[in-house]
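**Q** Quick note, our numbering runs 4 ahead of the 1-based positions in the sequence shown.
Sharing a structure below in structure tokens format, with a few things to ask.
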Amino acid sequence: MDILTFLGLLSSLIGSGASVQSDYLKFPQGFSIGTASSSYQVEGAWNASDKGVSVWDWFTHEKNEFIIDGSNGDVACDTYHKYKEDVQIMKNIGLKHYRFSLSWTRILPNGFPNKISQDGLQYYKDLIDELRSNGIEPFVTIYHWDHPEFMNRFGSWTNALMVKWFAEYARVVFRELGPRVKFWTTINEPNNYCEQSSGGKSQAPGMDLAFSGSYLCLHNLLKAHARAYHIYNEEFRATQNGKIGIVMPCRHNFPKYENDTEAARIAFEFDCGWAANPIFSKNGDYPAVMKQRIKENSQLEGLPFSRLPEFSPYWINLIRGSSDYFGLNHYTSKMVESVPRKRGTPWYQESGVRVFVNESWPESPTNWLRVVPEGLGGVLRDVKEAYGNPPVYILENGVSSYPGVADYNRIEFLYGYMKSMLLAMNRDGCNVKVYTVWSLLDNFEWDRGYTERFGLIEVDFTHPNRTRTPRLSTGWLKKIIAKGRLIAFNNTELSVNYRAFNMCTGN
Ligand code: NOJ
């Protein structure tokens with residue numbers, strides 16, 4: 005998009021803001037704005053010291069036909085060596101927290117606690133100390149999809165033994181890193197991950213087992229999460245005094261026909277509720293509508309059981325309430341419409357709801373990511389209503405940009421989504437405490453390799469130094485953090501800020 009088109013769009017945004025009370029655009033006292041990353045996507049150093057092989061090392065080395073540019077995370081952004089530079093960049097923007105994940109095989113090279121890598125632990129201790137001494141709070145995700153490769157040969161998350169294996173790994177990280185950490189996230193995006201890795205083949209290990217594979221995977225992930233939560237509660241919380249939760253990717257659903265609110269409700273349950281209902285609802289367990297529709301579909305296929313596994317009362321109780329906050333990753337929204345069901349036929353796509361995009365929603369460089377700012381406010385209100393207004397930590401929100409550092413589309417995206425979030429908070433009472441931009445740096449975007457750029461900072465992946473260059477959005481973000489309120493983009497001021505920023509970082 006050229007600058008004139010961008011300014012035009014922005015002034016319409018500002019124009020629509022004229023009716024918004026100016027207090028609504030303030031960030032409340034104590035509100036934290038930060039950025040996020042994940043180990044495989046940024047660290048590199050894939051075989052440094054005694055690190056074991058992860059499922060993503062294996063996938064990118066052995067099955068790189070699934071990665072659009074045939075690339076891998078062997079070096080990625082090389083944050084393993086360059087974390088100090090990154091911490092200075094964050095400090096300069098004024099970011100208050102940094103969400104990163106631990107690589108399971110960097111800490112436990114065999115996957116199990118019979119061998120603990122002191123070098124691996126030291127890397128994370130150093131990173132955490134560097135963040136803390138620069139006034140940035142570490143938010144640590146224990147698992148962002150890169151489990152040990154050999155577990156893959158045992159069926160990955162379709163194998164119930166993963167629950168125990170994950171719990172033992174979590175116990176080690178609480179013990180070793182817990183004294184330095186106040187915010188834990190057990191698992192990143194369990195539902196999307198299961199659909200893509202066990203149900204489909206776009207995420208490692210790419211099992212392609214359709215609905216049944218996804219259901220089994222999520223069933224085990226939820227149990228693993230609950231086990232880790234209770235280990236923290238019983239063995240570490242009293243001395244470490246942190247918070248622990250899980251992060252869900254939830255979209256907002258706009259009904260095609262205004263009165264089809266049932267379609268929006270059911271779509272929410274099959275998307276967000278699938279993983280969230282067992283943890284955050286009053287009664288726990290999967291959403292009733294999922295249980296009913298999948299059971300009926302299974303019966304129509306002649307199965308003597310439902311393809312959606314059942315939780316015993318023991319597990320329902322253990323999982324229910326096992327999160328101190330509602331972690332939310334949000335990028336985009338969908339349109340939905342109920343599909344009439346013919347007698348004796350399965351529900352359409354399990355849910356009976358057709359999910360599609362509104363072609364008038366602006367596109368982004370990422371094909372699944374249409375820009376729908378009002379959807380963030382929408383999903384915050386959905387979560388408030390469904391789960392009694394829990395504290396929400398937005399742990400990912402962002403968009404990819406076009407090549408170069410003039411990321412006007414990112415500024416526009418962040419402005420629109422933050423405005424929608426602030427209205428949901430300040431006008432509608434949604435209890436949001438944390439907002440996190442995905443991502444600090446351009447990084448390895450899974451099956452899209454390095455072709456999609458989600459960073460506030462551009463990374464030159466062709467240069468051995470992985471040179472970092474701040475994009476325009478960093479100047480804007482710096483300004484809104486300093487002011488404590490959302491402000492629209494002003495091109496002249498931004499250029500001045502941007503130059504000042506680059507002088508500080510030496511770029
Ligand atoms: C969510 C995932 O957690 C993250 O790994 C990914 O890069 C972003 N979405 C963008 O696709």
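Just so you know, even glycine gets a beta-carbon here, dropped at the ideal spot from N, CA and C.
Keep in mind that this is a model prediction, so the values were computed, not measured.
Flag Leu-60 as yes when its Cβ comes closer than 7 Å to any non-hydrogen atom of ligand 1, and as no otherwise.
**A** Note on identity: in this sequence residue 60 is Trp, with Leu being the wrong assignment. No; taking the cut-off as 7 Å, the Cβ of Trp-60 has no heavy atom of ligand 1 nearer than that.
**Q** Can you grab the Cα-Cα spacing for the pair Ala-52 / Lys-260, in whole Å?
**A** Cα to Cα, the separation comes out at about 52 Å.
**Q** Ordered along the chain, which non-local residues of its own chain (more than five positions away) have a Cβ less than 8 Å from that of Arg-374?
**A** Taken in chain order, the residues that qualify are Thr-336, Ser-337, Val-361, Asn-362, Trp-365, Pro-366, Glu-367, Ser-368.
**Q** Would you kindly work out how many angstroms separate the C-alpha atoms of Asp-54 and Tyr-147, rounded to a whole number?
**A** Distance between the alpha carbons of Asp-54 and Tyr-147: 19 Å.
**Q** So what's Arg-489 in DSSP terms, helix, strand or just coil?
**A** If DSSP states are grouped into helix, strand and coil, Arg-489 belongs with the strands.
**Q** If we ignore side chains and look at the alpha-carbon of each, how far apart do Pro-313 and Tyr-219 end up?
**A** So the two alpha carbons sit approximately 7 Å from each other.
**Q** If you draw a straight line from the C-alpha of Asn-97 to the C-alpha of Lys-482, how long is it?
**A** Here the sequence assigns Ile to residue 97, which means Asn is not the residue at that position. If you take the alpha carbons of Ile-97 and Lys-482, they lie about 5 Å apart.
**Q** Roughly how many angstroms separate the alpha carbons of Pro-253 and Leu-476, rounded to a whole number?
**A** Pro-253 and Leu-476: Cα-Cα distance of roughly 27 Å.
**Q** According to DSSP, simplified to helix, strand and coil, what is Thr-243?
**A** Helix, per DSSP.
**Q** Using the Cα positions of Val-251 and Arg-103, report the straight-line distance between them to the nearest angstrom.
**A** About 12 Å.
**Q** Return the residue from the list Arg-470, Lys-100, Pro-282, Glu-89 that minimises the CA-CA distance to Val-438.
**A** Minimum Cα distance to Val-438 is reached at Lys-100.
**Q** Apart from the five residues just before and just after Cys-198, which ones in its own chain have a Cβ nearer than 6 Å to its Cβ?
**A** The answer, listed in chain order, is Ser-218, Cys-221, Leu-222.
**Q** At which residue ranges does the segment 29 to 111 contain complete alpha helix (DSSP H) runs of 4 or more residues, listed in the order of the chain?
**A** 43 to 46, 59 to 66, 83 to 97, 108 to 111, all fully within the segment 29 to 111.
**Q** Ends of the alpha helix (DSSP H) at Leu-282?
**A** Residue identity differs from the one stated: residue 282 is Pro in this sequence, not Leu. Pro-282 -> alpha helix (DSSP H) spans 278 to 284.
**Q** Which of the three DSSP states is assigned to His-151 in this structure?
**A** If DSSP states are grouped into helix, strand and coil, His-151 belongs with coil.
**Q** Tell me whether Val-177 sits in a helix, a strand or coil according to DSSP, three-state version.
**A** Helix at Val-177.
**Q** Is the segment 166 to 176 close to the segment 63 to 80, with three or more CB pairs under 8 Å?
**A** Counting Cβ pairs under 8 Å, fewer than three are found: no touch.
**Q** Using the three-state DSSP reduction, which class does Pro-209 fall into: helix, strand or coil?
**A** Pro-209 falls in the coil class under three-state DSSP.
**Q** To which residues of the same chain is Leu-131 closer than 6 Å at the C-beta, ignoring the five residues directly before and after it?
**A** Tyr-87.
**Q** Using a Cβ-Cβ cutoff of less than 7 Å, which residues in the same chain neighbour Trp-50 once the five nearest sequence positions on both sides are dropped?
**A** Excluding positions up to five away in sequence, the list reads Asp-61, Gly-77, Asp-78.
**Q** Could you tell me the distance, in whole angstroms, from the CA atom of Phe-63 to the CA atom of Ile-72?
**A** Spanning the two alpha carbons is a distance of roughly 13 Å.
**Q** Do Phe-35 and ligand 1 come close, with the Cβ less than 7 Å from some heavy atom?
**A** False, no ligand heavy atom lies under 7 Å from that Cβ.
**Q** With DSSP run on the structure shown, which of helix, strand or coil describes Asn-393?
**A** In the structure shown, Asn-393 sits in coil (DSSP, three-state: anything other than H, G, I, E or B).
**Q** Grouping DSSP H, G and I as helix and E and B as strand, with all else coil, what is Asn-494?
**A** Correct three-state label for Asn-494: coil.
**Q** Taking 7 Å as the cut-off, does the CB of Phe-458 come closer than this to any heavy atom belonging to ligand 1?
**A** The answer is yes for Phe-458.
**Q** Could you check if Gln-33 is buried or exposed, using at least 16 other CB atoms within 10 Å of its CB as the buried criterion?
**A** Answer is exposed; the Cβ neighbour count stays below 16.
**Q** Go through its chain and collect everything with a Cβ distance to Glu-134's Cβ below 8 Å, but skip five positions before and after it.
**A** Cβ neighbours of Glu-134 beyond the five flanking positions: Tyr-87, Lys-88, Val-91.
**Q** List the endpoints of the continuous beta strand (DSSP E) containing Tyr-439.
**A** Its beta strand (DSSP E) spans residues 436 to 442.
**Q** Judging by CA-CA distance, which residue of Gly-348, Cys-434, Gly-246, Pro-344 is the nearest neighbour of Gly-392?
**A** Of the candidates Gly-348, Cys-434, Gly-246, Pro-344, the one whose C-alpha sits nearest the C-alpha of Gly-392 is Cys-434.
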